[in-house]
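Going by this note's numbering, the sequence shown opens with residue 531, and the numbers climb by one from there.
Think of the CB as a built atom: it goes at the ideal place given N, C-alpha and C, for glycine as much as any other residue.
Data block below; observations after.
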Amino acid sequence: MKKAFFYALLGLFFISCGGGSGGSNHFSKPKCCNNIIKSGSLIEKDYAPLAQMSKTIKVIKTKSELDRYFSFIGDEKSPQIDFTKSQVLAIFMGSKTTGVYSLNIKGIDEQNNIYIENKLQSHDCKVTADMAYPYALVKYPKPQSDSKELAIKESYIHTDTGGGCPEIYVIPFKVQFEDISGFESSLGKSKNFGVIRRKERFDEVFIGSEKPSVDFEKETIIYAHLGTFSRAGHDIKIDKIMREEEYTKVYIKSYYLDKTCPSALVITSPKVFVKIPKKDSYNIIFEEEKDIVRCAI
Numbered sequence: 531m532k533k534a535f536f537y538a539l540l541g542l543f544f545i546s547c548g549g550g551s552g553g554s555n556h557f558s559k560p561k562c563c564n565n566i567i568k569s570g571s572l573i574e575k576d577y578a579p580l581a582q583m584s585k586t587i588k589v590i591k592t593k594s595e596l597d598r599y600f601s602f603i604g605d606e607k608s609p610q611i612d613f614t615k616s617q618v619l620a621i622f623m624g625s626k627t628t629g630v631y632s633l634n635i636k637g638i639d640e641q642n643n644i645y646i647e648n649k650l651q652s653h654d655c656k657v658t659a660d661m662a663y664p665y666a667l668v669k670y671p672k673p674q675s676d677s678k679e680l681a682i683k684e685s686y687i688h689t690d691t692g693g694g695c696p697e698i699y700v701i702p703f704k705v706q707f708e709d710i711s712g713f714e715s716s717l718g719k720s721k722n723f724g725v726i727r728r729k730e731r732f733d734e735v736f737i738g739s740e741k742p743s744v745d746f747e748k749e750t751i752i753y754a755h756l757g758t759f760s761r762a763g764h765d766i767k768i769d770k771i772m773r774e775e776e777y778t779k780v781y782i783k784s785y786y787l788d789k790t791c792p793s794a795l796v797i798t799s800p801k802v803f804v805k806i807p808k809k810d811s812y813n814i815i816f817e818e819e820k821d822i823v824r825c826a827i
């Protein structure tokens, strides 16, 4: 019965939204108060219909609607609210694969921006098998006009839950890396960017008798290879590495010497190797900024 009710509720009352996740951890100051009347997480094994739920938001404007939501989440009685002066937002954040997840409603401003702070475990922490579906019901003053579309503004905080997980840090943040270039290596003749996570691959790339010190239980190598050239003057470097919510982005700067510039006729193979913490090496993507070095005529 509860399952059938949920699907009806989902069809009648939920308004899906994209949830603009810019990853910013800066909030504008909300113009109105923040009053959470109910929050928590539902578990998929107890509420099978949750598998159909994505990130959703619903404006509750009547007592009967509020009663239906409280019935669904397991409460018999909803609080008394004067709907001539207030409204309630029902916010469901969809499925989360981490074992610990909570959300905090920071506020709602006059532009109908809902500021949400998500707290979750780091990717390398232990997680539970169950899917978590965090939600919150928040009361706020009834706006003079409903013409402005509601928009979710999110930030993310990863937390230390013990067992070797990292300390609290805010997404996005700059990943610290160590340059380990300078050792004899082979990456072929073509331009390529990549990641080294295993000792076997490490031994294939670093072919000299001396090799950099890397602990693959805790560290990962990232490299950027510009390719092989018949003259000097080209160069490449890793400018910065940023940890985002769903990926880690490596920003590469490459410098190409213009053909009109004089240079030594020598075989060069510009490349750079860095190592970063393993916990920050998931879903690596690369972004290259090219610069042509031109010579004065």
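- In the three-state scheme derived from DSSP, where H, G and I count as helix and E and B as strand, Ser711 is classed as coil.
- According to the DSSP assignment, Phe723 belongs to the beta strand (DSSP E) that extends over 722 to 726.
- Inter-residue distance for Ile587 and Phe703 is about 28 angstroms (C-alpha atoms, whole angstroms).
- The beta carbon of Asp788 sits closer than 7 angstroms to the beta carbons of Ile822, Val823, Arg824, Cys825 from its chain, once the five residues preceding and following it are set aside; these are given in chain order.
- Taken through DSSP and simplified to helix, strand or coil, Phe622 comes out as strand.
- No Cβ-Cβ contact shorter than 8 angstroms links Glu708 with Phe736.
- Beta-bridge partners of Thr798 (DSSP): Phe759.
- At a Cβ-Cβ threshold of 8 angstroms, Phe732 and Tyr753 do not count as neighbours.
- For Phe613, the secondary structure class from DSSP, reduced to helix, strand or coil, is coil.
- Pairwise C-beta distances place the stretch 799 to 814 in contact with the stretch 740 to 751, as three or more of them are shorter than 8 angstroms.
- Comparing alpha-carbon positions, the option among Gln641, Pro671, Asn634 lying closest to Tyr665 turns out to be Asn634.
- The C-alpha of Gly570 lies about 22 angstroms from the C-alpha of Thr592.
- Counting only residues of its own chain and dropping the five nearest sequence neighbours on each side, Ile567 has a CB closer than 6 angstroms to the CB of Pro609, Leu667, Lys669.
- In this structure, Gly757 and Ser720 form a Cβ contact; the two beta carbons are roughly 6 angstroms apart against a cut-off of 8 angstroms.
- When the beta-carbon positions are compared, Pro671 and Ser616 come within less than 8 angstroms of each other.
- Closest in alpha carbon position to Thr790, among Arg761, Ala620, Phe602, is Arg761.
- As DSSP reads the structure, Pro664 sits in a beta bridge with Ser571.
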